[in-house]
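Peer 1:
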Amino acid sequence: LTAHGVIISGFCKNGKLDKAIEAAENMVKSGLVPDQMILTAIMDVHFKSGNIKAGLDLYKEILARGFEPDAVTLSIIVDGLCKKGNLNEARDYLCREKANDFIYCPYIDAVCKEGNFSEIEKVLKEMSKVGFSLNKYFYTSWIAGLCQKGYLVEAFRVKRRMVEEGIELDLLTYSSIMFGLSSKGLMVEARQVFDDMLSSGIDPDFVVYDILFRGYRKQGNEAGILGVQDEMRNRGI
RNA sequence: GCCGGAAGGC
């Protein structure tokens with residue numbers, strides 16, 4: 071069974087849904103029953119390819135087979151619905167016994183991208199009532215949302231709160247902030263955040279440099295552009 | 001660290 075699982079999830083990761091389903095059908099033919107992991111993986115592919123209905127149908131099938139939906143299964147559904155903009159529907163899957171803080175992440179992310187920051191405060195209260203604490207991903211999504219909308223002051227406030235709670239910023243947190251700064255043309259500040267990141271021991275990746283690069287290019291800052299290109303070359307990116 | 005399933009930056 072595990073061997074089949076490896077094969078099927080491999081197909082799923084490569085987006086070869088048809089082959090994954092084929093493999094699952096072959097399993098059934100040879101008398102094996104796919105377990106929850108296998109079904110969940112296939113469900114995930116449905117959602118990621120935008121086929122919400124197929125995903126939900128498979129979810130029903132999982133229930134019908136007597137599997138208890140666990141946090142992973144639910145979070146895939148929430149993620150799928152959120153990315154399609156069905157936030158209301160997604161909310162139905164949030165407040166369940168099996169929930170963990172992971173489940174909230176895609177929802178928070180979607181709410182942030184909508185710029186619905188009052189909803190965030192609401193969810194925040196709800197989460198703490200149920201006993202979940204905010205994690206890194208929650209904060210990063212929040213910060214990224216604020217930065218994209220240009221609310222940099224708010225973003226820095228959230229960042230400070232994050233640090234106060236002892237949560238470390240990671241590459242994505244930094245790059246979200248840098249994106250916010252550089253899309254407002256605040257390259258000096260963006261560069262400073264970048265240096266902060268380096269001194270906290272985080273290695274930059276292509277995206278981070280690209281953010282700087284675009285910022286400098288928009289300003290026609292030749293020296294900045296060349297500097298970024300040099301650094302990238304030195305790091306082998 | 002990974003060794004079958006989920007989330008955040010361009």
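Residue numbers (my numbering): 71 to 307. Each residue gets a CB set at the ideal place from its N, CA and C atoms; glycine is no exception.
Output the distance between the C-alpha atoms of L71 and A260, rounded to the nearest integer angstrom.
Peer 2: Here residue 71 refers to the residue found at position 1 of the first sequence. Here residue 260 refers to the residue found at position 190 of the first sequence. Going by the C-alpha atoms only, they are around 50 Å apart.
Peer 1: For the region 122–135 against the region 164–184, are there 3 or more C-beta pairs whose distance is under 8 Å?
Peer 2: Taking 8 Å as the limit for Cβ pairs, the verdict is that the region 164–184 does not touch the region 122–135.
Peer 1: In this structure, how does DSSP classify E92 when only helix, strand and coil are distinguished?
Peer 2: Reading the first sequence from its first residue, position 22 is the one you call residue 92. In the structure shown, E92 sits in a helix (DSSP, three-state: H, G or I).
Peer 1: Would you give the residue range spanned by the alpha helix (DSSP H) that D300 belongs to?
Peer 2: Counting from 1 along the first sequence, the entry for residue 300 is found at position 230. Its alpha helix (DSSP H) spans residues 292–305.
Peer 1: In this structure, does DSSP put R230 in helix, strand or coil?
Peer 2: Within the first sequence, numbered from 1, the residue matching residue 230 stands at position 160. Note: R230 maps to helix in three-state DSSP.
Peer 1: Assuming Q289 and M257 form a contact by the criterion Cβ under 8 Å, report the distance between their Cβ atoms to the nearest whole angstrom.
Peer 2: Numbered from its first residue, the first sequence carries residue 289 at position 219. Numbered from its first residue, the first sequence carries residue 257 at position 187. Contact flag correct, Cβ pair sits at about 6 Å.
Peer 1: The alpha helix (DSSP H) with G150 in it runs from where to where?
Peer 2: Translated into the one-based positions of the first sequence, residue 150 becomes position 80. Its alpha helix (DSSP H) spans residues 141–153.
Peer 1: Along the chain, where does the alpha helix (DSSP H) that runs through A169 open and close?
Peer 2: On the first sequence, residue 169 is found 99 positions in, with the first residue counted as 1. First-last for A169: undefined, no H or E at that position.
Peer 1: Report the rounded CA-to-CA distance for N96 versus I178, giving the unit in angstroms.
Peer 2: Reading the first sequence from its first residue, position 26 is the one you call residue 96. Reading the first sequence from its first residue, position 108 is the one you call residue 178. C-alpha separation (whole angstroms): 39 Å.
Peer 1: State the Cα-Cα distance for the pair K206 and G75, rounded to the nearest angstrom.
Peer 2: Numbered from its first residue, the first sequence carries residue 206 at position 136. Numbered from its first residue, the first sequence carries residue 75 at position 5. One C-alpha to the other measures close to 30 Å.
Peer 1: If we call anything under 8 Å between Cβ atoms a contact, is S246 one with L282?
Peer 2: Locating residue 246 in the first sequence gives position 176, counting from the first residue. Locating residue 282 in the first sequence gives position 212, counting from the first residue. No, the pair does not count as a contact, with Cβ atoms beyond the cut-off.
Peer 1: Which parts of the region 198–223 are runs of the alpha helix (DSSP H), unbroken and 4 residues or longer, counting only runs that do not cross its ends?
Peer 2: Counting only runs of 4 or more, we get 206–218.
Peer 1: Going straight from the alpha carbon of R161 to that of W212, what length do you get?
Peer 2: Looking up residue 161 in the first sequence gives position 91. Looking up residue 212 in the first sequence gives position 142. Whole-angstrom Cα-Cα distance: 18 Å.
Peer 1: Determine whether the beta carbon atoms of L216 and A225 lie at a separation below 8 Å.
Peer 2: Counting from one through the first sequence, the residue named residue 216 turns up at place 146. Counting from one through the first sequence, the residue named residue 225 turns up at place 155. Taking 8 Å as the Cβ cut-off, L216 and A225 qualify as a contacting pair.
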